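In what follows, a structure is listed as structure tokens, so that the remarks can point back to it.
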Amino acid sequence: MPEDDLQLNPVLYASGIGSDPSSPITFDDPNGIYSHGQQVVALRYHAVDESQHLIQTKTFAKGTCGGDSGGPLFQVDERGRHILVGITSHGMGDCNQHNRNMIDLFTDVRANLDWICKYSGVCPVEED
Numbered sequence: 001m002p003e004d005d006l007q008l009n010p011v012l013y014a015s016g017i018g019s020d021p022s023s024p025i026t027f028d029d030p031n032g033i034y035s036h037g038q039q040v041v042a043l044r045y046h047a048v049d050e051s052q053h054l055i056q057t058k059t060f061a062k063g064t065c066g067g068d069s070g071g072p073l074f075q076v077d078e079r080g081r082h083i084l085v086g087i088t089s090h091g092m093g094d095c096n097q098h099n100r101n102m103i104d105l106f107t108d109v110r111a112n113l114d115w116i117c118k119y120s121g122v123c124p125v126e127e128d
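Under full-length UniProt numbering, the residue at position 89 of the sequence shown is numbered 89, and the numbers go up by one with no gaps.
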């Protein structure tokens, strides 16, 4: 879990198995809308909307798509640890348009640490 004052890195990573229009049709996916399993995509940090507790990323031709909601947004710290910073909420564009900037929105985990701790028992660990 992140600390509530954790600074976001310029590059964040989202993971998911949502729709990918460029992926070939597979046996398990006769309509050809899902990718070949889990994918991780590097995204550029863009902004934080503190009033709505949202992290925004803006990356050319990359982003989250339908089916990715609820997946993790994380960053890697200087010790190589993967730190959860957001939860995929939704994108602002059409996943079929790979020739433009994709804006994605993620619920900011840092703004919800008290709630997460209270209802899940997963609480930030104080480091010495």
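The C-beta atom is built at its ideal place from N, Cα and C for all residues, glycine as well. A quick note: this is a predicted structure, and the numbers were derived from the prediction, not measured.
State the DSSP-derived secondary structure class of residue i, mapped to helix, strand or coil.
{"i": "V122", "result": "coil"}
{"i": "L8", "result": "coil"}
{"i": "residue 146", "result": "No answer is possible for residue 146: the residues shown for the chain start at 1 and end at 128."}
{"i": "A61", "result": "coil"}
{"i": "R110", "result": "helix"}
{"i": "M1", "result": "coil"}
{"i": "S69", "result": "coil"}
{"i": "Q39", "result": "strand"}
{"i": "F27", "result": "Bear in mind that the predicted position of F27 carries a pLDDT of just 48, short of 50, making it unreliable; the figure below should be weighed with that in mind. Three-state result, F27: coil."}
Between residue i and the rest of its own chain, which residues show a CB-CB distance below 8 Å, the 5 nearest in sequence each way excluded?
{"i": "H46", "result": "Q56, T57, K58, I103"}
{"i": "P124", "result": "M1, P2, E3, D4, L113, C117"}
{"i": "V40", "result": "Y13, A14, S15"}
Tell me, which residues are paired with residue i by DSSP?
{"i": "S51", "result": "Answer is none; S51 lacks a bridge partner."}
{"i": "I83", "result": "Q75"}
{"i": "H90", "result": "L105"}
{"i": "R100", "result": "The partner list for R100 (beta bridge, DSSP) is empty, contrary to what the question assumes."}
To which residues of the same chain is residue i closer than 6 Å at the C-beta, ignoring the five residues directly before and after it?
{"i": "D49", "result": "none"}
Next on the checklist: Counting beta carbon pairs with one atom in the segment 106 to 119 and one in the segment 52 to 63, are three or more of them shorter than 8 Å?
Outcome noted: yes
Next on the checklist: Using a Cβ distance threshold of 8 Å, determine whether the segment 65 to 73 contacts the segment 110 to 124, with at least three qualifying pairs required.
Outcome noted: no
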